[in-house]
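K.L.:
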Amino acid sequence: ATGVSDSVRKFEVNYRKETLRQWGEFLADFPQAEKSAVQRGMNREIALNAGGAESPYNRVIETAHANLSAVLGDSWNSRDLEPWATTLKKFVALRGKVVQAQKSGKQASQESSQGKEADAIKYLSMYLGALGQIRAELSTSEKSFSSAKKAFEEGEASGNATHPVLKASWALGMLRDTIGSLQGEDRIFWILLARPIAVSWKATLEESGKYLQQQWEGLLLEVRDLDPGPKGGKIIAFVNGSAAVFLSRQGSYWVPRRILDQAVPFTDPFLRYLSLLRRDAINSGTSTSLPSSLSSGPQPPAFIVRTS
6 ATGVSDSVRK FEVNYRKETL RQWGEFLADF PQAEKSAVQR GMNREIALNA
56 GGAESPYNRV IETAHANLSA VLGDSWNSRD LEPWATTLKK FVALRGKVVQ
106 AQKSGKQASQ ESSQGKEADA IKYLSMYLGA LGQIRAELST SEKSFSSAKK
156 AFEEGEASGN ATHPVLKASW ALGMLRDTIG SLQGEDRIFW ILLARPIAVS
206 WKATLEESGK YLQQQWEGLL LEVRDLDPGP KGGKIIAFVN GSAAVFLSRQ
256 GSYWVPRRIL DQAVPFTDPF LRYLSLLRRD AINSGTSTSL PSSLSSGPQP
306 PAFIVRTS
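The working numbering applies: residue 6 is where the sequence shown begins, and numbers increase by one.
#1: L86 and V65: beta carbons closer than 8 Å?
#2: Measure the C-alpha to C-alpha separation of R277 and K108 and round it to an integer number of angstroms.
#3: Using the Cβ count rule (16 or more neighbours within 10 Å means buried), how would you classify F194?
#4: In angstroms, rounded to a whole number, what distance separates the CA positions of F308 and T272?
#5: Which residue's Cα is closest to the Cα of T24: A69, A58 and S12?
#6: Is it buried or exposed for S152, if we count other Cβ within 10 angstroms and need 16 for buried?
#7: Tell me the start and end of each unbroken alpha helix (DSSP H) in the region 197 to 246 that is at least 4 residues and wholly inside, in chain order.
#8: Report, in whole angstroms, the separation of the C-beta atoms of V3 and I202, which I expect to be a contact under 8 Å.
#9: Mind checking who F264 pairs with in its DSSP beta bridge?
#10: Let me confirm a value: S213 is counted as buried when at least 16 other C-beta atoms fall within 10 Å, else exposed. Which label applies?
#11: The beta strand (DSSP E) with Q255 in it runs from where to where?
#12: Who does V310 pair with in a DSSP beta bridge?
#13: Considering only the alpha carbon of each residue, which of S41, N63, Q27 and L77 lies closest to E17?
#14: R200: buried (16+ other C-beta within 10 angstroms of its C-beta) or exposed?
#15: Check the C-beta distance from V103 over to L129 and give it rounded, since I have them as a contact under 8 Å.
#16: Give the C-beta separation of G269 and V310 to the nearest angstrom, bearing in mind that I take them to be a contact with Cβ-Cβ under 8 Å.
#17: Please name the residue in R14, L133, M179 and Y216 whose C-alpha comes closest to that of A248.
#18: Mind checking whether A125 and L143 have CB atoms under 8 Å apart?
#19: I want to check one thing, is the minimum distance from the CB of N72 to the heavy atoms of the ligand FAD below 7 Å?
#20: If you compare alpha carbons, which of L133, R14, G256 and L210 is closest to L177?
#21: Let me know the beta strand (DSSP E) ranges lying completely inside the region 106 to 170, each 3 residues or longer, listed in chain order.
#22: Could you give the distance in angstroms between the alpha-carbon of F96 and the alpha-carbon of Y62?
See below:
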């Protein structure tokens, strides 16, 4: 009987270890499925659900927590878990408090939480709230353009940011500093929370690019029969107007500005075109950022942004 009990106990220990290992591998690989869908042109569709209860990232965290707590039993409450599992458990517990507080119309951090937990709840509430605002920013290409422009005007993620992507990014960083592993061994888990921000921001920039492309196509039709002077003036106005916040100059070259390591997907021909115009302006000694005459210079490209 003792031998049987030992065998059962050994089987249970190995089964729990294997379950934990397999979940770790699955969560590490999970973002690859989303990236594959993005490559198929589904980025906006994914982003529209990134911050909601039906988000694939939200569901996989909930499923992992439910499965691990059932399989691991008492060991789920031990301090010997993998770092990512420990952080996942903390996160789900904190989110439960936030959701419960929202249902009762109260602030979770003002109830019974103190110290680091109160800070964590504050950052988590900010993160979840900001993600919930992103869907509205993607309702139309024009709205995405206005949203992205606002983010570039604010410039960086901070506690004072009003743009939801910047606010969510800052709050997530603070949450990680508060409850995350000191050495970053729980990186697997934090990627699951960072991807909704990255996907949403990418979709916002892509939709902004579509809006700029529409503006550009209208501009090309408008200037098609104009003399070089007026034609150049209108193109300059576009670059210094609608597109200005998304571009920066490095010497005689124009490059996309980046926030959260992403940019509007301008085409290389468009950037080269702007750079050539800038070079011509410098060579001609004009005081404007772009030459006022396009009579013998490069011709504007038909497409200024890449399409998926």
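Quick reminder that beta carbons are idealized off the backbone N, C-alpha and C, glycines included.
P.N.:
Inspection of the coordinates gives the following:
#1: Here residue 86 refers to the residue found at position 81 of the sequence shown. Here residue 65 refers to the residue found at position 60 of the sequence shown. Not in contact: L86 and V65 (Cβ atoms no closer than 8 Å).
#2: Translated into positions along the sequence shown, residue 277 becomes position 272. Translated into positions along the sequence shown, residue 108 becomes position 103. Distance between the alpha carbons of R277 and K108 is about 54 Å.
#3: Here the question's residue 194 lines up with position 189 in the sequence shown. That one is buried.
#4: On the sequence shown, residue 308 is found 303 positions in, with the first residue counted as 1. On the sequence shown, residue 272 is found 267 positions in, with the first residue counted as 1. Cα to Cα, the separation comes out at about 7 Å.
#5: Residue 24 sits at position 19 when you count from the first residue of the sequence shown. Checking every option, the nearest Cα to that of T24 belongs to A69.
#6: The count along the sequence shown starts at 1 and reaches residue 152 at position 147. Its Cβ being crowded by 16 or more others within 10 Å, S152 is buried.
#7: 233 to 245
#8: The question about residue 3 has no answer here: the residues shown for the chain are numbered 6 through 313.
#9: For the purposes of this step, residue 264 is taken as residue 259 along the sequence shown, with counting starting at 1. Correcting the residue identity first, residue 264 is Ile in this sequence and not Phe. Per DSSP, Q267.
#10: In the sequence shown, the residue the question calls residue 213 occupies position 208. Result: buried.
#11: The residue you call residue 255 lines up with position 250 of the sequence shown. Here the beta strand (DSSP E) through Q255 covers L252 to Q255.
#12: By one-based count along the sequence shown, residue 310 stands at place 305. The partner list for V310 (beta bridge, DSSP) reads F271.
#13: Here the question's residue 17 lines up with position 12 in the sequence shown. Ranking the options by Cα distance to E17, first place goes to L77.
#14: Position 195 of the sequence shown holds residue 200. That one is buried.
#15: In the sequence shown, counting from the first residue as 1, residue 103 sits at position 98. In the sequence shown, counting from the first residue as 1, residue 129 sits at position 124. Right, their Cβ atoms sit about 6 Å apart.
#16: For this step, residue 269 is matched to residue 264 along the sequence shown. For this step, residue 310 is matched to residue 305 along the sequence shown. The displayed chain sequence assigns Val, not Gly, to residue 269. Going by Cβ atoms, the distance from V269 to V310 rounds to 7 Å, so yes, they are a contact pair.
#17: The count along the sequence shown starts at 1 and reaches residue 248 at position 243. Considering only alpha carbons, the answer is Y216.
#18: By 1-based counting over the sequence shown, the position of residue 125 is 120. By 1-based counting over the sequence shown, the position of residue 143 is 138. No.
#19: Annotation note on the ligand FAD: not contained in the displayed structure, which lists no ligands.
#20: Against the sequence shown, residue 177 aligns to sequence position 172. Nearest option by C-alpha distance: L133.
#21: none
#22: Here residue 96 corresponds to residue number 91 of the sequence shown, with the count starting at 1. Here residue 62 corresponds to residue number 57 of the sequence shown, with the count starting at 1. Cα to Cα, F96 sits roughly 13 Å from Y62.
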